Amino acid sequence: MIDKRQILSANPLLSGLPADVVEQLMAVSVVRTLADGQCVYSQGDEGDGLFGVIQGRVRLSNTSKDGKELLVMLVEPGDWIGEISLLDGLPRSHDAFAMGECAVLFLPRAKFDSLLKARPELYQHFIPMLCRKLRLALSYVEGAALFSLTERLAQRILELLTFYGVDDGGSGRLIDVHLPQEDLAKMLGVSRQAISRELKRLETEGVIELSYGKLRVLNKAALERELA
């Protein structure tokens, strides 16, 4: 059985909440299970609450009118999504879909609003969520405007390594998430062919190692030099 209290109290963004607030959030939150590919919410939907990823991963993306997808990020257990619409009251800004079987903790907006109105000092615990997303968004805008594809790819691989890097007994560190080249291309808004050329170059130079849907970083320092 999933322990909601442990999820709320152990989350690094919410761990500073007073014990009574954790109890209140636990009382109004619900656990939802999702099948692979099931929609958590869609772009344009009402911001009806906050979602904490418990198990599995969630894919955040935007899709253009002609069907082109921009993959924004992959969300791991322990992170929260939906906070922007929760706090500003505007519709969802992107799509969120389950990757594999997922479980999320849902905090309804009406209950959340009531709590913040009664305890406005609690805003300090939720502002870091917005700041983290804002910093991430600004780094993407900066990269698209100022950096070459080589630099942007190196930056994104390093970000993925920070979030998903694990030691699995092999050389270097494995990015422990299914990462086809098509998804990397969608993250950077370029063609798969362009990403493939850059990845092959990095592999030839011994910086990374590729296998089906997997990427292992062999030389982090070399990736960092791509940004110098």
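Residue 1 is where the sequence shown starts when you use UniProt numbering, and the numbers rise one by one after that.
By construction, the Cβ of each residue, glycine as well, lies at the ideal position given by its N, Cα and C atoms.
Remember, predicted model here, so these are calculated numbers, not experimental data.
Under the three-state reduction of DSSP, which class applies to residue i: helix, strand or coil?
{"i": "K214", "result": "strand"}
{"i": "E46", "result": "coil"}
{"i": "E76", "result": "coil"}
{"i": "F106", "result": "strand"}
{"i": "F97", "result": "strand"}
{"i": "F51", "result": "strand"}
{"i": "S139", "result": "helix"}
In the DSSP assignment, the beta strand (DSSP E) including residue i goes from what residue to what residue?
{"i": "R109", "result": "Looking at the DSSP string, R109 is not in any beta strand (DSSP E); the run it does join, the alpha helix (DSSP H), is 109-118."}
{"i": "V207", "result": "V207 -> no beta strand (DSSP E), and no H or E assigned at all."}
{"i": "L174", "result": "173-175"}
Can you tell me whether residue i is buried or exposed, with buried defined as 16 or more other CB within 10 angstroms of its CB?
{"i": "A27", "result": "exposed"}
{"i": "R135", "result": "exposed"}
{"i": "V166", "result": "exposed"}
{"i": "S211", "result": "exposed"}
{"i": "Q24", "result": "buried"}
The alpha helix (DSSP H) that contains residue i, what's its start and end?
{"i": "V28", "result": "19-28"}
{"i": "E182", "result": "181-188"}
{"i": "L227", "result": "Segment: none, L227 is in no alpha helix (DSSP H) and carries neither H nor E."}
{"i": "S191", "result": "First-last for S191: undefined, no H or E at that position."}
{"i": "R92", "result": "Neither: R92 is in no alpha helix (DSSP H) and is coded neither H nor E."}
Which residue wins for smallest C-alpha separation from residue i, given the options the options?
{"i": "A98", "options": "S29, V75, L160, P91", "result": "V75"}
{"i": "V217", "options": "E121, L153, F147", "result": "L153"}
{"i": "S171", "options": "I208, E142, A137, M187", "result": "I208"}
{"i": "residue 240", "options": "L146, L161, D48", "result": "The displayed coordinates of the chain run from 1 to 228. Any statement about residue 240 would go beyond what the structure contains."}
{"i": "I84", "options": "Q43, A103, T33, E69", "result": "Q43"}
{"i": "S64", "options": "K186, V31, F51", "result": "K186"}
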